[in-house]
Amino acid sequence: MKLLCLPCAGGSESMYFKLKRKLKDIIEVVPVKLSGRGYRIIDPLYNSIEEAVGDIFENIKDTILDGNYAIFGHSMGSLLTYELYYKIVENNFPTPKYLFLSSVEEPEFIPRRNKIAQFDDYEFVQHVYEMGGTPKIVLENKKILDVFLPIMRSDFKMFEAYQYKKRKEKINCDIAVFYGKQDTIEVANLERWENYTNKNFTIKGFEGNHFYLDSNLDNLHDIIKNLLVNI
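Quick note: the sequence shown uses the working numbering, first residue 178, plus one each step.
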């Protein structure tokens, strides 16, 4: 089975390289390459969630033809995963066996989040640092920041402009929601993901903040393995 992995705001496919190595004995992790960063740094950044989802679908559609796959999204990547599911349905492609949604509230809540994309550079960088996951040395290095900041700001802009659209049909596969116990996200807003599926729902908290992944690779390995073993 393949596990397609969608990165967070400002992130690239490289954020899943450690998970790829950790899970190699049970699953083929496929880090999805988003436009404007990582392997595709010379490509233009996205202007909207819809544009991003359309591009992602075009790049994964051959990979998912056999239907033997799941999708993992972290933070903004979870919202992309949700919208990608319906893009897949709309195009009559095989749907995923499982969705893993990490560190983001249910889609209906997202338009009510605090908006930070329009903050000045100092305030924006401070907010990003407080979320965790981005070393302070990166945010204090002007050369790195000159590359990183436009990507992060562009991603937050499209994330915060997202308009929720209620679907007639619920997601027809199991959903697992993961989060860091020290994150500022309210667990109640994560638990509401259960309302989006007509299959099984699992929620699991890990020690850590918004970016709990790398410090919980062993636990993630075991949980993902146990959830996928009988599919």
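For each residue, glycine too, the CB sits at the ideal point set by N, CA and C.
Your pair LEU276 and TYR262 checks out as a contact, with CB atoms roughly 7 Å apart and the cut at 8 Å.
A straight-line Cα-Cα distance of about 10 Å links ARG330 and LEU222.
Between the alpha carbons of THR374 and ILE293 lies a distance of about 30 Å. Around the beta carbon of ILE408, a 10 Å sphere encloses fewer than 16 other beta carbons of the protein chains shown; the residue is thus reported as exposed. TYR341 places its beta carbon 9 Å or farther from that of ILE400.
Burial is judged here by how many other beta carbons sit within 10 angstroms of a residue's own beta carbon; THR258 has at least 16 and is buried. For PRO271, there is no enclosing beta strand (DSSP E), as DSSP gives it neither H nor E. Assignment of beta-bridge partners to ASP351 by DSSP yields TYR275. With contacts defined as CB atoms closer than 9 Å, MET178 and LYS274 qualify as a contacting pair.
Annotation for PHE249: LEU180, CYS182, PHE277 place their beta carbon closer than 6 Å to its own, counting only its chain and skipping 5 residues before and after.
Assignment of beta-bridge partners to CYS185 by DSSP yields no partner. Buried is the label assigned to GLU190, since at least 16 other Cβ atoms lie within 10 Å of its Cβ. In this structure ARG369 touches GLU283 by the C-beta definition: roughly 4 Å separates them, less than 8 Å. Per DSSP, the unbroken beta strand (DSSP E) holding HIS251 starts and ends at 246-251.
Per the coordinates, the alpha-carbon of GLU300 lies some 33 Å from the alpha-carbon of LYS343.
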